[in-house]
Every structure is written in C-alpha cells, then in structure tokens.
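Peer 1:
In our numbering, the protein residues as written are 20 to 164.
1) Would you mind stating whether residue 145 and residue 109 have Cβ atoms separated by less than 9 Å?
2) Looking only at its chain, what residues have a beta carbon closer than 6 Å to the beta carbon of residue 78, apart from the 5 residues adjacent to it on each side?
3) Is the beta carbon of residue 119 less than 9 Å from the beta carbon of residue 100?
4) For residue 160, does the count of other Cβ atoms within 10 angstroms reach 16, so buried, or fall short, so exposed?
5) Rounded to the nearest angstrom, how far is the Cβ of residue 128 from that of residue 114, given a contact under 8 Å?
6) Check the C-beta distance from residue 98 over to residue 32 and give it rounded, since I have them as a contact under 8 Å.
7) Please return the same chain residues whose Cβ sits closer than 8 Å to the Cβ of residue 151, not counting the five positions on each side in sequence.
8) For residue 158, which residues from the same chain have a beta carbon less than 6 Å from its beta carbon, with the 5 sequence-adjacent residues on both sides left out?
9) Can you give me the start and stop residues for the beta strand (DSSP E) that residue 117 sits inside?
10) Cα separation between residue 87 and residue 130?
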C-alpha cells in the first residue's frame, strides 16, 4: 500500500496586509510563495540541502506548478499549508499542496508541482532508491495523523 499523499509537512503562516491586492484578497503570487515555503521545509525534512554556493550534489528544481483556487483569502487570517509527494517519475516527482484558512475553516487552494532533480553539472538525474526511501519514511511518519 502506498503512503504517498500523507501531507507530512505542515506550516502555519499569518496572512499579511501587504499580501492583498486591489481586488481585496490575497494576490495569487503569495499562494506560490506559501507552497514554496512548504516545499523547502519538505526538502529539509528529507535532508536535501539547498546549497547556495553553487556546488550541491543534488538540486531539486521546480519544473511546473499549478493551483486550483477554492476560495479567496483576506486579511486578517492565518493559513496552514501542507506538502506531500504524490508520485514518482524517472527524474522527477510530483508534490501536492493543500492550503487551509483558519478564518474560513476550509481548504481554500490546492496545487501540484513537478520537481526535477539535477546533478551538480545541471543534468537531469534519476531518483535514487535512497531518496525514494527517505520520501516514503517521511510520508509514513505522519500517515496515521
């Protein structure tokens, strides 16, 4: 039985006044930033270092991102963003995100992203069995939550 999709990473973030736009709701770019924060936290939980010196052994890059908006978010509010891995490809994996509003007590957005792994030279590299095992272990750690 697959445990992928357990949403093991969860962050709670306050909605900032400056995140709203002229239409009086949070601008769509902030959803991507919230998803990014959850993704980076997920990578840290996996032990994938995000190196800034240009010499990482493994670089996960964002290849594609989609968002399904369910309801607008406004200030004041607190959102909870969750991240999971949904499936594996050869050189990539699909992550899923879920964003909930405390004020609305419901899911307000969901999204997916394709993460491609690059080696130190910038070439696509296959997912290793070790990385898949770490993802599996992370997902199992919260599957019963």
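We put the beta carbon where it would ideally sit given N, CA and C, even for glycine.
Peer 2: A quick look at the data gives this:
1) The answer is yes: Cβ separation under 9 Å.
2) 137
3) It is a contact, given that the beta carbons lie within the stated cut-off.
4) exposed
5) No, residue 128 and residue 114 are not in contact; Cβ-Cβ is about 14 Å, not under 8 Å.
6) That pair is a contact at about 6 Å.
7) 107
8) Non-local beta-carbon contacts of residue 158 in its own chain, meaning distances under 6 Å to residues more than five positions away in sequence, involve 22, 23, 25 and 27 in chain order.
9) Start and end: 111-120.
10) 6 Å
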